[in-house]
Amino acid sequence: MPDTGAQRVLRKEDNRFLTGRGRYTDDFNRQGQAYGVFVRSEMAHAKIKSVDTSQAEQAPGVVAVFTGKDMEADGVGSLPCGWTVTDRHGNPHKAPPHWPLARDKVRYVGDQVAFVIAETDAQARDAAELVAVDYEPLDAVVETGKALNGPQVHEEAPDNLCFDWEIGDKQATDDAFAKADHVSKVELVNNRLVPNAIEPRAAIGEYDPGGDEYTLYSTSQNPHLLRLILCAFVLNLPEHKVRVVAPDVGGGFGSKIYCYAEETTCVWASKKLDGRPVKWVATRTEAFQADAHGRDHITTAEMALDKDGKFLGMRVDTIANLGAYLSNFSTAVPTYLYGTLLAGQYKTPAIHGNVKAVFTNTAPVDAYRGAGRPEATYVVERLVERCARDLNIDPAEIRRRNFVQPDEFPYQTPVALTYDSGQYELALDEALKMIDYRNFAQRRQESERRGKLRGIGFSAYIEACGIAPSQVVGALGAGVGLWESAQVRFNATGSISVFTGSHSHGQGHETTFAQMVADKFGTDYNNVDIVHGDTGRIPMGMGTYGSRSLAVGGSAILRACDKVVEKGKKIAAHMLEASVDDIEFDQGTFRVAGTDKQKSIGEIAFAAYVPHDFPQDVEPGLDETAFYDPANFTYPSGVHIAEVEIDPDTGETQIADWVAVDDFGRVINPMIVEGQVHGGIAQGVGQALLENTVYDPDSGQLVTGSYQDYTMPRADDLPSFRVGMTETPCPHNPVGAKGCGEAGAIAAPAALMNAITDALGTEDIQMPATREKVWRVAQQRLAPAAE
Amino acid sequence: MPTVTMTVNGQQVSRDVDPRTLLVDFIRNELHLTGTHVGCDTSQCGACVVHVDGTSQKACTMLAMQADGCEVATIEGLAKNGELHPMQAAFKEHHGLQCGFCTPGMVMSAVDLVQRNPDPDEHEVREWLEGNICRCTGYHNIVKAIQHAAKEMRG
Ligand code: FES
Ligand code: FES
């Protein structure tokens, strides 16, 4: 039997993608479908005085034009925020409504105002131009740092404050600072990013009046969750009458988790049109305007240290920009996915974090690859590096002095989490070896001789993944449980169908999950089919985000496999005329213990569906469903080291080397895992060097609304990466996996900025460290020498 | 409506089109070859790359009428007799794709690169890919795949 349990086997999904046979949402066309185009606000903030649709309605091919008033008349609800954050004073966060089509105000450039439906896409676009919206402009605020004193975005939220939240012990932290020998401080901007999955969002809403049923084809990372939100909160539909299909999805990175206005509107509109399917496909411009953005924090952080460089206490104050409306999980990102990670890999005994989350006239901000954890890692690792520099301690050494040690797990941090396992120093040592740290000084000199500035930067990150134990998140305000479900079915002829609530949009589940199941049953992975992305085929699910698919979804699959084995034992006992307790299962074979009496699982499966002689107490079929709720978060961790060379004459930052040593627990397919690390690092490098979302501070216009203005990392911006791994299995899930999807994006920005600031000899530069910024700083730094 | 005629993956096709129809929409909507993707509206992502008369072109940046009389090749025509083209095979072998959305454009673009430069070094590959954006892979494995494919194609 081929052992595919932990192997670099090639991906089963690749052939269809490589031959152009992938099926993405925009590749679907439904009989009689019409095309929808949104009229979006050109204003950052305005009262809607009137929306005149009469001209558009007369335009060629137009089927209908809908506005917020139509939805209001129909009782359509608000797009909900699914996580209630309780503020410092015990009050829930401010939750102003978010209508799918704006009702009396628009609050950011791109806000949906009307939906124009026509026979063709071109006709809908032409007609959308004819919708005349009369606005009364209002003052807008787009800058994170100005929100608290800016023009008010929502009546419900004075000072634009959504919540003022804290974590940790303030008194203990103040005490630590009072007795410190030294205090280091950083002021950081975590720049706003646009996720930019290369497939733009798309949707087809289809109502079937015959059965009173709805189907939504959508670019979703979590079709069941989308269905739940759509039905329970927005459109008030019976869940069993709604099917959500998320076919091949071209990348998500968080941006395709949410229940958005557009998908919702397509479903609603199809009902209004008595069942005519309505298709909408975002342009890239719309993706920039209306996909949920990521990050956007301003932070001041301080560390109290003793004279030996031991951390005594840490204080963090953050303003987090949530945009104009609360996206589904927006409130959890700068709180429970951020504040809880402020301990990093260190034993800092006292930590206090305060987060003020604010509304602005910008697109909603929610989880983007890493979600809160990149922001936390950026704060912790920039601050730790600063401490090392201030105290003149080697940056590797200061980390070593403060790491949680392998024998200290489970480790209770002062910010709520209990770390389960980790070997932080092991990863650091490995990374130092890989990058040849000992000879860095020599490399730096060599660069200097060529007139270049060389720097090295560390990032020792930790994340809380495998999201998440329902009991814990429920206590913290989550409106949903975060389990996963799986169904494992042996077909009569011995092949296996696995139905998973996880969703693959690049992660390669069809391969990894198949490997895992094949390994369990001792069969070939080509014999196992992974079915995902359709609420009509999969019993239940919560989807893919927070690096949870293998740790939570994979665990559910293994649990279902266990049930299949249990059931198989009963059938085997009957067939082998033995007691169930005497049946053993190993590598696809059921055996009566201590004998050579055995049946293969294929024979058992066949018998299960051809149960000609089954007694009353043995049920036919070999098809089991399991739900898995994780016992704890998982804690992937690792060390990334970046080495850069800066040309002070051009400001160009060349990434000379990059090593990553990650601990993801058990790895099933190293090839796929490495790919996830590469992609994550690239996004982190993008954040640190290139990407930035800019709204004009006066007009509130989105300045970076296309690939001409928003700099995506291209192939020639990036190096090849060197990826190593340590493997400390997760102690509390059956797979032993911790998750790998977000690590690169979490680790990379701090590593790169630490390297750049090391090269430049100043901390005084914020992300993205563009060529121009680096050049200016380099010139300033070199100027005194030149005088 | 004017009629356009072209050869697509070796088959002659003829359609009446709205003059403003982009080549990419023609390929996707008229010919139902949905392997060619649209990822942007500013001619930058390269998800739409096809070959027109043997060289790579962004199909979103050309009107269908401009391809009148041309030989067009899309990703669907690259594998021959059920055998992956060496470039496709190398992308699979080296995990040069994740979500697969940029992949058809990447592969078509890379085939053109190797036609022009049979032995590109890493730097040349990276420079060539300027017009193709991938958000998933960090390009690492794409670059590796292209170099391996080039070797294979040199024979
Ligand atoms: S669709 Fe982006 S370049 Fe053609
Ligand atoms: S594989 Fe997803 S964009 Fe390239």
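Going down the list, the protein sequences come from chains A and B. In the working numbering, each number is its position in the first sequence, counted from 1, plus 23. In the working numbering, each number is its position in the second sequence, counted from 1, plus 3. The beta carbon of each residue, even a glycine, is placed where N, CA and C say it ideally should be.
Asked                                                                                                                : Found
Interface flag, residue 26 of chain A vs chain B, CB-CB below 7 Å                                                    : For residue 26 of chain A, the predicted model reports a pLDDT of 45, less than 50, meaning its position is unreliable; a value from the coordinates is still stated below. Closer than 7 Å: no.
Beta carbon proximity, residue 657 of chain A to chain D, threshold 7 Å                                              : Checking the listed chains, one finds no chain D in this structure; the protein chains it contains are A and B.
Residue 50 of chain B Cβ short of 6 Å to ligand 1 heavy atom set                                                     : yes
Contact set for residue 154 of chain A: own chain, Cβ-Cβ below 8 Å, skip 5 residues either direction                 : 62, 74, 75, 76, 78, 79, 88, 136, 137, 139
Segments assigned beta strand (DSSP E), at least 3 residues, entirely inside the region 331-380 of chain A           : 334-346
For residue 279 of chain A and residue 58 of chain A, believed in contact at Cβ under 8 Å, the rounded distance      : 21 Å between Cβ atoms; not a contact.
Buried or exposed by the 16-neighbour rule on C-beta atoms within 10 Å, applied to residue 15 of chain B             : exposed
One or two residues paired with residue 266 of chain A in a DSSP bridge                                              : A:238
C-beta atoms of residue 48 of chain B and residue 274 of chain A nearer than 7 Å                                     : no
Residue 224 of chain A at chain B interface by Cβ criterion, 7 Å                                                     : no
CB contact check: residue 51 of chain B to chain A, cutoff 7 Å                                                       : no
Chain B contacts made by the region 249-283 of chain A, where a contact means CB separation under 9 Å                : 271, 272, 273, 274, 275, 276
Rounded C-alpha distance that separates residue 612 of chain A from residue 624 of chain A                           : 6 Å
Rounded separation between residue 155 of chain B and residue 176 of chain A - CA only                               : 59 Å
With 16 other Cβ atoms within 10 Å as the buried cut-off, status of residue 35 of chain B                            : exposed
C-alpha gap between residue 645 of chain A and residue 553 of chain A, whole angstroms                               : 17 Å
Residues from the region 361-372 of chain A in contact with chain B, defined by Cβ distance under 8 Å                : none
Within-7 Å CB hit, residue 537 of chain A to chain B                                                                 : no
Candidates A:507, A:328, A:191, A:715: closest to residue 568 of chain A by CA position                              : A:507
Contact set between residue 735 of chain A and chain B, taken where Cβ atoms lie within less than 7 Å                : 136
Three-way DSSP call (helix, strand, coil) for residue 695 of chain A in this model                                   : helix
Identified DSSP bridge partners for residue 477 of chain A                                                           : A:668
Backbone CA spacing between residue 237 of chain A and residue 266 of chain A [nearest angstrom]                     : 6 Å
heavy atom of ligand 2 below 6 Å from residue 100 of chain B C-beta                                                  : yes
Cβ-Cβ separation, residue 688 of chain A to residue 759 of chain A (assumed contact under 8 Å), whole Å              : 5 Å
Counted within 10 angstroms of its Cβ, other Cβ atoms place residue 26 of chain A as buried (16 or more) or exposed  : Reliability of the predicted coordinates at residue 26 of chain A is poor, the pLDDT of 45 falling under 50, and the value obtained from them is presented with this limitation in mind. It is exposed - the Cβ of residue 26 of chain A has fewer than 16 other Cβ atoms within 10 Å.
Near-chain B residues of the region 197-231 of chain A (beta-carbon distance less than 9 Å), N- to C-terminal order  : 218, 219, 220, 221, 222, 223
Contact belief for residue 393 of chain A with residue 768 of chain A at Cβ below 8 Å, rounded distance in angstroms : 4 Å
Beta-carbon neighbours of residue 701 of chain A, restricted to chain B and to distances below 7 Å                   : 140, 141, 143, 144
Ligand 2 heavy atom lying under 6 Å from the CB of residue 157 of chain B                                            : no
Beta-carbon proximity list for residue 159 of chain A, same chain, < 7 Å, skipping 5 on both sides                   : 69, 70, 72
Nearest residue (CA-CA) to residue 43 of chain A, options B:44, B:143, B:80, B:61                                    : B:80
Those residues which DSSP pairs with residue 115 of chain A across a bridge                                          : A:109
Cβ pair residue 680 of chain A, residue 129 of chain B closer than 7 Å                                               : no
Residue 18 of chain B versus residue 492 of chain A - alpha carbon distance                                          : 57 Å
Local Cβ density within 10 Å of residue 560 of chain A, reported as buried at 16 or more and exposed below that      : exposed
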